[in-house]
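Okay, structure first, notes after.
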């Protein structure tokens with residue numbers, strides 16, 4: 040068969056040898072040689088999405104949960120463009136993703152055929168590297184470049200542009216050895232000593248944790264430090280993935296609005312471990328962008344550093360003893376008559392199985408959930424790292440494929456759910472154990488919150504037209520059924536509890552439309 | 040109130056004075072000052088889409104049908120990115136669209152907050168001009184620049200980036216007079232003489248019509264020329280909008296595959312009126328990109344020229360008499376037992392009301408329809424100009440808002456329909472008289488056609504996984520119901536005919552899922 044090896048097969052074989060085992064695809068004509076070549080590289084699993092944002096979001100979820108590289112296969116500039124929003128989030132999450140984008144034959148490009156577009160200009164903003172294949176003979180090296188950048192700690196999105204004539208051309212076999220994801224950089228003794236000096240200090244001290252500091256190892260070390268020194272543990276506001284629950288420590292989450300962050304951080308000294316300095320999500324007139332003075336910031340480790348090891352070294356230097364594993368006290372709220380975000384969270388905390396992964400999008404359930412997550416069984420939570428909405432359902436798809444034994448729960452606001460609802464179809468097609476909880480309040484809640492803070496009347500006609508989704512109210516049970524996902528609509532805590540029990544027992548997806556006031 | 044005029048209101052007032060009367064919006068936090076300002080500029084109608092691709096596709100449909108500028112209001116880089124695919128098509132359609140994209144406050148940008156992105160890099164590939172507002176004092180001039188480029192014949196997409204602090208700042212009132220869409224350039228006598236010489240010649244001659252040559256005036260002139268000289272009339276393969284039916288002439292459509300185009304054009308001399316020289320849609324090994332030798336091409340007019348007037352002048356110069364208006368013969372096919380694309384087309388031809396607008400996407404119904412459209416009542420058809428899929432349903436939304444008295448029919452393939460199905464919600468919300476016909480064959484037909492031409496077995500596992508949509512089969516009636524649109528599923532010609540009668544009588548949208556083999 041080696042006599043038949045073409046560029047497409049060489050590309051996929053090289054990607055396979057460098058660790059790729061899945062490809063989230065929405066191909067078009069310029070990708071058909073690659074589609075056919077997937078036949079010869081069966082160790083790369085093709086997963087179809089009905090929309091490119093499903094593919095890129097799924098790749099992100101897969102990379103976050105597995106730590107492995109995920110491929111996407113997308114169609115020219117416009118098809119790729121549909122995947123940019125979730126790649127924006129993946130870039131912020133440092134997810135190792137390699138996009139493969141077909142392009143016209145090199146000799147056809149200059150005729151500006153209808154689908155011709157400036158793929159580089161579109162891909163650059165979300166890509167750590169954009170590699171345009173120039174010859175079938177150098178595919179191996181070009182793919183290695185894309186993987187090198189994608190797998191360098193802390194991880195990156197990269198893009199390969201693959202012209203059809205190069206995919207069709209005879210190509211040599213790959214000679215590269217398999218590449219491993221490259222390790223994080225060790226943190227210097229000096230940085231550890233500096234952080235120790237701050238943490239030993241009297242007064243308020245906060246350990247602000249992000250990235251790999253939010254994995255189990257990092258959190259256990261942080262817990263030792265907190266127990267020994269009284270430093271507070273705060274997580275970055277939008278972690279790519281954080282371990283929570285079981286006997287892991289309860290940690291605060293950095294607040295959203297700048298005034299809340301200012302109150303939360305007070306005049307504390309802040310040690311950063313894998314987190315960026317606190318900044319305002321948006322700029323508000325009269326409020327600062329930087330929410331902690333540089334003089335009060337100490338960097339233990341940045342993204343790409345081995346923050347978990349640095350926290351262990353810091354704990355050792357502080358003489359912090361191991362902390363006995365204890366589960367957080369359960370303080371269940373009395374169930375009410377009305378279904379609220381808090382009621383959903385309480386029930387989920389009670390029922391969530393061990394090792395679940397939660398894909399969380401939207402503030403309706405996101406805020407309440409992360410305040411209570413420490414009381415649930417051990418699990419992981421992915422949040423929206425970049426603010427591009429439409430992440431939640433696709434990320435759940437990728438998580439389910441990355442962690443086959445685990446229950447996935449998508450805690451999804453309705454407004455953001457609409458952007459990539461086609462993910463439901465892939466859940467049904469792949470029979471993924473995803474329990475989708477739609478917080479259906481039929482409005483853009485975050486926009487109404489912002490408008491209210493700015494004293495804008497929510498009933499003004501244009502404001503109402505652009506922030507209310509209640510005319511008509513989407514019926515998510517019908518949308519789910521349309522894509523082959525069974526669904527229930529509930530509006531009481533008891534009905535929600537029963538629906539959740541059923542969902543968590545399903546051997547595939549189930550959607551619960553939770554009607555909220 | 041003028042004391043309260045801020046940048047957002049100044050921007051919208053300037054846009055209004057330059058002709059904008061509608062804004063397809065999916066705003067986020069950085070656009071809220073603009074949302075609030077819409078309150079003060081009620082002559083600009085805000086229309087909400089649940090997804091940005093719905094907004095941009097609707098703007099395109101609105102611009103094509105009305106000829107007027109459509110605004111979009113989109114959220115930063117990632118939100119805008121979701122609208123790029125349909126802007127790619129709009130760019131190819133020369134639709135006058137002005138995108139307004141909010142951005143962080145100028146002083147907040149450098150902190151690289153989560154949603155920060157390179158908006159210029161994303162917008163450039165689809166924009167004739169990208170204008171970043173630098174001061175509230177110059178908004179008027181900046182908006183004028185965007186409108187000037189958008190409205191210069193043949194029309195363009197342009198983009199305004201509006202930082203929040205400039206939207207919030209006090210701003211002077213607009214002093215610009217209303218701008219009109221600028222006229223197309225007249226074609227020179229020399230070009231008309233050259234075209235006349237070719238058309239007078241013996242042998243095969245083809246008038247290849249595109250852009251404004253496909254409006255009623257252009258077509259009537261072309262009809263005179265064809266009748267007087269025997270020249271064949273061919274339309275560009277993907278017109279932005281073409282008038283068809285009634286007593287307008289039957290015209291061939293340029294074929295898709297290069298070998299078919301070569302056969303179709305033979306050794307004819309080709310006169311271009313508003314159309315580009317025939318090129319291959321994709322590049323195929325061993326087939327040319329340019330399908331008619333340059334020596335056989337004569338340009339009467341290009342995009343941006345007044346091709347309709349040029350065709351009239353050409354007809355006059357050729358001494359072509361007026362053609363008596365006659366309707367094409369109706370040659371109805373005998374209705375069969377099975378529902379096929381041809382059966383759908385026949386029924387639609389029979390029932391289509393006068394002055395309808397058809398939004399056509401996908402080859403399953405697109406090819407058959409355009410072969411028969413001359414037999415229907417007078418109507419207009421929009422096709423997918425740029426090949427970015429997900430155009431059909433949003434374009435139908437825009438068409439309905441642009442032509443309130445007209446029936447809109449979306450002839451939509453199922454594969455491409457999934458990309459922007461959220462358009463159904465806006466149809467329900469705005470009670471738009473759109474009859475959606477989904478050609479449900481549950482596969483990517485065009486990809487299977489291409490693969491079969493390349494002798495790739497369609498049953499190969501990876502190929503089947505990435506081209507078949509039958510596991511599960513989407514239930515479009517449920518998807519439509521989820522978004523508030525009534526729907527019917529049919530699988531016989533009689534049931535389709537009844538459903539179509541009902542749909543065309545509805546005072547709002549109806550979706551017909553036509554099951555095809």
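Chains as they are written, first to last, in our numbering: chain A, 40 to 556; chain B, 40 to 556.
Here a beta-carbon is modelled for each residue, glycine too, at the ideal position from N, C-alpha and C.
All values derive from a computational prediction rather than experimental measurement.
Which value, in whole angstroms, describes the spacing of the CA atoms of residue 68(B) and residue 486(A)?
Residue numbering aside, residue 68(B) sits at position 29 when the second chain is read from its first letter. Residue numbering aside, residue 486(A) sits at position 447 when the first chain is read from its first letter. Straight-line Cα distance between these residues: approximately 6 Å.
Return the residue from the list 446(A), 259(A), 199(A), 61(A) that minimises the CA-CA distance to residue 363(A).
Taking the first residue of the first chain as 1, we reach residue 363(A) at position 324. Checking every option, the nearest Cα to that of residue 363(A) belongs to 259(A).
Distance, residue 117(A) Cα to residue 56(A) Cα:
Within the first chain, numbered from 1, the residue matching residue 56(A) stands at position 17. Within the first chain, numbered from 1, the residue matching residue 117(A) stands at position 78. For residue 56(A) and residue 117(A), the distance between alpha carbons rounds to 29 Å.
What is the residue span of the beta strand (DSSP E) that residue 114(A) lies within?
Stepping through the first chain from its first residue, residue 114(A) is reached at position 75. 109-114 is the span of the beta strand (DSSP E), which, as asked, contains residue 114(A).
Report the neighbours of residue 153(B) on chain A: residues whose CB is nearer than 8 Å to its CB, in chain order.
In the second chain, residue 153(B) corresponds to position 114, counting from 1. Chain A residues near residue 153(B): 131, 277, 320, 424, 425, 426.
Under the three-state reduction of DSSP, which class applies to residue 393(A): helix, strand or coil?
What you label residue 393(A) is simply residue 354 of the first chain in a count that begins at 1. Secondary structure at residue 393(A): coil, using DSSP grouped into helix, strand and coil.
Residues that DSSP places opposite residue 450(A) in a beta bridge:
Locating residue 450(A) in the first chain gives position 411, where the first residue counts as 1. Looking at the DSSP assignment, residue 450(A) forms a beta bridge with 399(A), 476(A).
Using C-beta distances below 8 Å, list every residue in its chain close to residue 539(A), excluding the 5 sequence neighbours before and after it, in chain order.
Locating residue 539(A) in the first chain gives position 500, counting from the first residue. Taken in chain order, the residues that qualify are 386, 387, 390, 474, 476, 551.
Contact criterion: CB-CB distance below 8 Å. Does residue 495(B) meet it with respect to chain A?
The count along the second chain starts at 1 and reaches residue 495(B) at position 456. Closer than 8 Å to some Cβ of chain A, the Cβ of residue 495(B) qualifies, so yes.
Report the three-state DSSP secondary structure of residue 158(A) (helix, strand or coil).
Residue numbering aside, residue 158(A) sits at position 119 when the first chain is read from its first letter. It is helical.
Sorted by chain position, which residues of the same chain lie with C-beta nearer than 8 Å to residue 442(B)'s C-beta, five sequence neighbours on each side aside?
Taking the second chain and counting its residues from 1, the one referred to as residue 442(B) is at position 403. Only 104, 105, 394, 396 meet the Cβ criterion.
Contact set for residue 271(B): own chain, Cβ-Cβ below 8 Å, skip 5 residues either direction:
As a working note, residue 271(B) is residue 232 in the second chain. Listed in chain order, the non-local C-beta contacts of residue 271(B) below 8 Å within the same chain comprise 243, 244, 245, 246, 265, 291, 307, local neighbours out to five positions each way being set aside.
For residue 101(B) versus residue 61(B), is the C-beta distance shorter than 8 Å?
Counted from its first residue, the second chain places residue 101(B) at position 62. Counted from its first residue, the second chain places residue 61(B) at position 22. Against a cut-off of 8 Å, the Cβ pair of residue 61(B) and residue 101(B) comes out as a contact.
Beta-carbon of residue 49(B) versus every beta-carbon of chain A: anything under 8 Å?
In the second chain, the residue the question calls residue 49(B) occupies position 10. No, because no Cβ of chain A sits closer than 8 Å to the Cβ of residue 49(B).
Indicate the three-state DSSP secondary structure (helix, strand or coil) for residue 282(B) in the structure shown.
The sequence position of residue 282(B) within the second chain is 243, counting from 1. In the structure shown, residue 282(B) sits in a strand (DSSP, three-state: E or B).
Can you give the Cα-Cα distance for residue 358(B) and residue 351(B), rounded to whole angstroms?
The residue you call residue 358(B) lines up with position 319 of the second chain. The residue you call residue 351(B) lines up with position 312 of the second chain. When only Cα atoms are considered, residue 358(B) and residue 351(B) end up about 10 Å apart.
Report the three-state DSSP secondary structure of residue 93(A) (helix, strand or coil).
What you label residue 93(A) is simply residue 54 of the first chain in a count that begins at 1. In this structure, residue 93(A) counts as helix in the three-state DSSP scheme.
What does residue 203(B) pair with, by DSSP beta-bridge criteria?
Here residue 203(B) refers to the residue found at position 164 when the second chain is read from its first residue. None, per the DSSP bridge assignment.
Taking 8 Å as the threshold (C-beta atoms), are residue 340(B) and residue 349(B) in contact?
Position 310 of the second chain, counted from the start, is the residue given in the question as residue 349(B). Position 301 of the second chain, counted from the start, is the residue given in the question as residue 340(B). Yes. Within cutoff.
Would you say residue 522(A) reaches chain B, if we count a Cβ-Cβ gap shorter than 8 Å as a contact?
Position 483 of the first chain, counted from the first residue, corresponds to residue 522(A). Chain B contact via Cβ: present.
On the DSSP letters alone, give me the boundaries of the beta strand (DSSP E) that residue 552(A) sits inside.
Here the question's residue 552(A) lines up with position 513 in the first chain. Here the beta strand (DSSP E) through residue 552(A) covers 549-554.
Any Cβ of chain A within less than 8 Å of the Cβ of residue 150(B)?
Taking the first residue of the second chain as 1, we reach residue 150(B) at position 111. Closer than 8 Å to some Cβ of chain A, the Cβ of residue 150(B) qualifies, so yes.
For residue 461(A), go through chain B and note every residue whose CB falls closer than 7 Å to its CB, in chain order.
Here residue 461(A) is taken as the residue at index 422 of the first chain, counted from 1. Going along chain B in sequence order, the residues near residue 461(A) (Cβ under 7 Å) are 457.
Check whether the Cβ atoms of residue 202(A) and residue 155(A) lie closer than 8 Å to each other.
As a first step, residue 202(A) is located in the first chain; it is residue number 163 there, counting from the start. As a first step, residue 155(A) is located in the first chain; it is residue number 116 there, counting from the start. Annotated as distal: residue 202(A) and residue 155(A), with beta-carbon spacing of 8 Å or more.
Quick check: the Cα distance between residue 138(B) and residue 85(B), rounded to an integer number of angstroms?
The sequence position of residue 138(B) within the second chain is 99, counting from 1. The sequence position of residue 85(B) within the second chain is 46, counting from 1. Across the structure, residue 138(B) and residue 85(B) are spaced so that their CA atoms are roughly 14 Å apart.
Indicate whether at least one CB of chain A lies closer than 8 Å to the CB of residue 484(B).
The count along the second chain starts at 1 and reaches residue 484(B) at position 445. Between residue 484(B) and chain A, the shortest Cβ-Cβ separation is not below 8 Å.
Determine the direct distance from the alpha carbon of residue 261(B) to that of residue 558(B), and round the result to whole angstroms.
Absent from the structure is residue 558(B), since the part of chain B shown begins at 40 and ends at 556.
Nearest to residue 127(A) by alpha carbon, out of 193(A), 207(A), 426(A)?
Numbered from its first residue, the first chain carries residue 127(A) at position 88. Among 193(A), 207(A), 426(A), the Cα nearest to that of residue 127(A) is on 426(A).
For the alpha helix (DSSP H) containing residue 465(A), list its first residue and its last residue.
Counting from one through the first chain, the residue named residue 465(A) turns up at place 426. Run containing residue 465(A): 462-468, per the alpha helix (DSSP H) assignment.
Since residue 403(A) and residue 449(A) are thought to touch, with beta carbons under 8 Å apart, how far apart are those beta carbons, to the nearest angstrom?
Reading the first chain from its first residue, position 364 is the one you call residue 403(A). Reading the first chain from its first residue, position 410 is the one you call residue 449(A). Going by Cβ atoms, the distance from residue 403(A) to residue 449(A) rounds to 13 Å, so no, they are not a contact pair.
My parser needs the beta strand (DSSP E) runs of 3 or more residues fully inside the stretch 227-277 of chain A; what are they?
Every beta strand (DSSP E) of 3 residues or more that sits fully in the stretch 227-277 of chain A is shown, in chain order, as 244-248, 271-274.
Return the residue from the list 232(B), 413(B), 190(B), 518(B) that minimises the CA-CA distance to residue 286(B).
If you number the second chain from 1, residue 286(B) lands on position 247. When each option's Cα is compared against that of residue 286(B), the closest is 413(B).
Check distances from the C-beta atoms of the stretch 157-168 of chain A to those of chain B and list, in chain order, the residues that come in under 7 Å.
So the list reads 157, 160, 161, 163, 164, given in the order they occur along the chain.
In the DSSP assignment, the beta strand (DSSP E) including residue 142(A) goes from what residue to what residue?
Indexing the first chain from 1 puts residue 142(A) at position 103. In the DSSP annotation of this structure, the continuous segment of the beta strand (DSSP E) that includes residue 142(A) starts and ends at 136-142.
Count the other CB atoms within 10 Å of the CB of residue 214(B); is the residue buried (16 or more) or exposed (fewer)?
In the second chain, the residue the question calls residue 214(B) occupies position 175. Residue 214(B) comes out exposed.
Do you know offhand how far residue 152(B)'s Cα is from residue 298(A)'s?
By 1-based counting over the second chain, the position of residue 152(B) is 113. By 1-based counting over the first chain, the position of residue 298(A) is 259. Computed Cα separation, rounded: 16 Å.
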